[in-house]
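Novice: The numbering of the sequence shown is this note's numbering, which starts it at 1 and goes up by one.
Cβ atoms here follow ideal geometry from the backbone N, Cα and C, with glycine treated the same way.
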Amino acid sequence: MSVLTVTKDNFQAEVMESDKPVLIDFWASWCGPCKMVSPIVDEIAKEVSTAKICKVNIDEQPELASAFNVMSIPTLAVIKEGKVVNVAVGARPKQDIVSMLND
Numbered sequence: 001m002s003v004l005t006v007t008k009d010n011f012q013a014e015v016m017e018s019d020k021p022v023l024i025d026f027w028a029s030w031c032g033p034c035k036m037v038s039p040i041v042d043e044i045a046k047e048v049s050t051a052k053i054c055k056v057n058i059d060e061q062p063e064l065a066s067a068f069n070v071m072s073i074p075t076l077a078v079i080k081e082g083k084v085v086n087v088a089v090g091a092r093p094k095q096d097i098v099s100m101l102n103d
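(1) When DSSP builds the beta bridges, which residues end up paired with Leu23?
(2) Measuring CA to CA, which of Val89, Leu4 and Gly90 is closest to Ala45?
(3) What would DSSP say about Lys83, mapped onto helix, strand or coil?
(4) Once you ignore the five residues that flank Val98 on each side, which residues in its own chain have a CB closer than 8 Å to its CB?
(5) If you reduce the DSSP assignment to three classes, tell me which class Ala88 lands in.
(6) When the Cα of Lys52 is compared with those of Ile79, Lys35, Val87 and Pro39, which residue comes out closest?
(7) To which residues of the same chain is Glu63 closer than 6 Å at the C-beta, ignoring the five residues directly before and after it?
(8) Take Glu111 and list the residues in its own chain whose beta-carbon comes closer than 8 Å to its own, dropping the five residues that flank it on each side.
(9) What's the C-alpha gap between Lys94 and Val85?
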């Protein structure tokens, strides 16, 4: 699967109503650590079929960043059945990100 870009327009359908766990990467183009995490998230999207992998550009979607209380980026959040079940702030190795989905 490829990474899905989430906006306020498709958030409800793609994230809140998803029948799979959803990993959201909150990022911005000017963020150095985000540039390190982005290819890892892309890899996970290709390898994991049991979850939906999404990205939210906080500069383009400030409402979503605010709704998730994103204060620092990258912020990774896992949503299952419409509820946030796991959050990590800052760059993380691939295994840590994958294990967030399995917790």
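Specialist: In short:
(1) The count along the sequence shown starts at 1 and reaches residue 23 at position 23. Answer is Ile53 and Val78.
(2) Within the sequence shown, residue 45 is the residue found at index 45, counting from 1. Measuring from the Cα of Ala45, the nearest candidate turns out to be Leu4.
(3) Counted from its first residue, the sequence shown places residue 83 at position 83. If DSSP states are grouped into helix, strand and coil, Lys83 belongs with the strands.
(4) Stepping through the sequence shown from its first residue, residue 98 is reached at position 98. Closer than 8 Å at Cβ, skipping near neighbours: Ile44 and Val48.
(5) The residue given as residue 88 occupies position 88 in the sequence shown. Under the three-state reduction of DSSP, Ala88 is assigned to strand.
(6) What you label residue 52 is simply residue 52 of the sequence shown in a count that begins at 1. Taking only the C-alpha atoms, the option nearest Lys52 is Ile79.
(7) If you number the sequence shown from 1, residue 63 lands on position 63. Residues Lys8 of the same chain have their beta carbon placed closer than 6 Å to that of Glu63, with the five preceding and five following residues left out of the count.
(8) Because the chain here runs from 1 to 103, residue 111 falls outside it and cannot be looked at.
(9) Reading the sequence shown from its first residue, position 94 is the one you call residue 94. Reading the sequence shown from its first residue, position 85 is the one you call residue 85. Straight through space, the alpha carbons of Val85 and Lys94 are spaced by roughly 18 Å.
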